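Protein chains in written order, with my numbering: chain Z, 1 to 199; chain P, 200 to 398. Structure, as structure tokens:
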DNA sequence: CCACATCTGTAGCGAACACTACAGATATCT
DNA sequence: AGATATCTGTAGTGTTCGCTACAGATGTGG
């Protein structure tokens with residue numbers, strides 16, 4: 001038996017295009033017609049490769065998570081908790097205002113509240129956001145063991161705080177906040193981190 | 200000439216129902232069928248009173264803003280900038296986890312990114328969020344004139360920071376964060392405010 | 001070269017969407 | 001009471017949605 005006709009498009013490049021559309025219009029605001037045009041394929045090719053609109057979103061999220069993990073590795077590699085926080089906040093400020101992408105972050109602009117039948121989408125996005133928060137928390141647990149964080153500093157609280165601030169920056173980016181505005185938010189947040197870290 | 204048959208439903212009560220649906224499912228995730236059922240009216244009554252789905256959203260936002268302004272008056276009435284920040288953050292933590300409403304805030308869950316044809320919705324929500332930020336900023340300008348804030352404290356930065364944190368709490372609430380989690384975020388944020396305020 | 005498996009483009013499916021035509025009901029104003 | 005103006009419920013409208021049937025194209029394995 002043969003292997004069949006090979007795919008005529010690059011799946012990863014197509015996912016990058018799809019990512020951009022979901023990011024810009026949200027899951028529910030995105031239509032299959034927009035996706036197929038951006039991906040330069042026809043509906044049957046989309047469905048053969050990704051199964052459904054939601055399947056395509058998940059594939060795009062997987063690809064997004066890959067990039068994000070590589071990026072987080074750099075952040076978590078900093079030698080102190082303080083520097084981890086600084087890199088995390090500042091890199092987020094820059095990434096969310098990168099002109100190469102829509103404002104904010106796919107994990108937030110993708111959809112916080114969805115309609116009946118898509119309840120799974122906000123849940124899926126939340127899970128991916130939580131993953132980043134978990135990575136931060138584990139890094140701070142290690143920092144605490146290394147006495148890099150104060151005796152009463154709580155890794156859970158610190159990670160949650162940083163996650164909240166970067167999520168808030170996504171909303172601000174949606175309101176039109178520019179890179180400098182987000183960097184200022186990051187700078188102020190860092191002061192809270194310092195206060196909390198030395199507790 | 201007569202005044203015509205009077206409306207058989209309470210417009211404000213209906214708007215409260217509509218608010219809940221938009222809040223829970225987002226603008227694009229909400230259908231007219233869901234709205235008419237929640238409001239206990241039929242489509243023609245909805246369109247006669249509010250013009251369109253987007254008109255209904257704006258009316259609901261107006262009603263939401265009324266309640267919010269009354270609430271902000273309490274917050275802004277605090278005697279010090281520090282207490283304004285504390286009330287703002289803590290009240291937000293509680294409001295966003297009020298079991299009487301969906302999680303988060305209508306101005307965020309309503310829709311950060313929308314599809315073609317609804318581009319106006321995220322813009323409208325952003326304008327309402329900015330209004331709250333403006334109220335905070337003006338209060339901090341006054342606090343600075345009263346020497347209640349440090350010489351180098353920037354009202355714009357402080358207001359933007361608080362706006363970002365509460366927006367971030369909306370995202371966290373969407374991820375399932377409970378009241379205590381949001382209060383902890385508020386508490387940490389307050390430390391940043393203190394550091395920045397005495398600058 | 002042939003059977004087979006998979007992809008591709010065209011064309012269109014049923015369902016759900018926002019919205020409305022219409023006729024009857026209910027008020028006001030003279 | 002009669003004329004008029006607006007609301008209400010029924011029953012749809014045309015459009016767009018996510019998705020797919022089908023036939024032809026293009027590869028692999030024998």
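Quick reminder that beta carbons are idealized off the backbone N, C-alpha and C, glycines included. Fair warning: this is a prediction, and the values are worked out from it, not measured in the lab.
- [ ] Taking 8 Å as the cut-off, decide whether the C-beta atoms of residue 187 of chain Z and residue 97 of chain Z are in contact.
- [x] no
Open item on the list: Are the CB atoms of residue 153 of chain Z and residue 196 of chain Z within a distance shorter than 8 Å?
Closed with: yes
TODO: Could you name the residues of chain Z that residue 311 of chain P contacts, counting a contact when the two beta carbons are closer than 8 Å?
DONE: 26, 104, 108, 109, 112, 170, 171, 174
Open item on the list: Counting only C-beta atoms, is residue 95 of chain Z closer than 8 Å to chain P at any point?
Closed with: no
TODO: Report the residues of the region 326 to 354 of chain P with a CB closer than 9 Å to any CB of chain Z, ordered along the chain.
DONE: 326, 328, 329, 332, 353
Task: Beta-carbon proximity of residue 162 of chain Z to residue 303 of chain P, cut-off 8 Å - done: no
Open item on the list: So, for residue 193 of chain Z: in the same chain, excluding its five sequence neighbours on each side, which residues have a beta-carbon less than 6 Å away from its beta-carbon?
Closed with: 85
Open item on the list: Under 8 Å, CB to CB, which of the residues in the region 49 to 69 of chain Z have a partner in chain P?
Closed with: none
Open item on the list: Could you check whether residue 397 of chain P and residue 349 of chain P sit closer than 8 Å to each other, using their CB atoms as the reference points?
Closed with: yes
- [ ] From the DSSP output, in three-state form, read off residue 105 of chain Z for me.
- [x] coil
Task: Test item: CB-CB of residue 328 of chain P and residue 275 of chain P under 8 Å - done: no
Task: Host alpha helix (DSSP H) of residue 29 of chain Z (start-end) - done: 11 to 29
- [ ] Write down every uninterrupted run of the alpha helix (DSSP H) in the region 320 to 371 of chain P whose length is 4 residues or greater and which is fully enclosed by it, in chain order.
- [x] none
TODO: Put residue 73 of chain Z into one of helix, strand or coil per three-state DSSP.
DONE: helix
- [ ] Could you tell me if residue 29 of chain Z is buried or exposed, where buried requires 16 or more neighbouring beta carbons within 10 angstroms of its beta carbon?
- [x] buried
TODO: Find the residues of chain Z that neighbour residue 274 of chain P, judging by a C-beta separation of less than 7 Å, and give them in chain order.
DONE: Result: empty, since nearest Cβ-Cβ is about 18 Å, beyond 7 Å.
Task: DSSP state of residue 259 of chain P mapped onto helix, strand, coil - done: helix
- [ ] For residue 188 of chain Z, return the contacting residues in chain P, with the cut-off set at a CB-CB distance below 7 Å.
- [x] 356, 360, 391, 395
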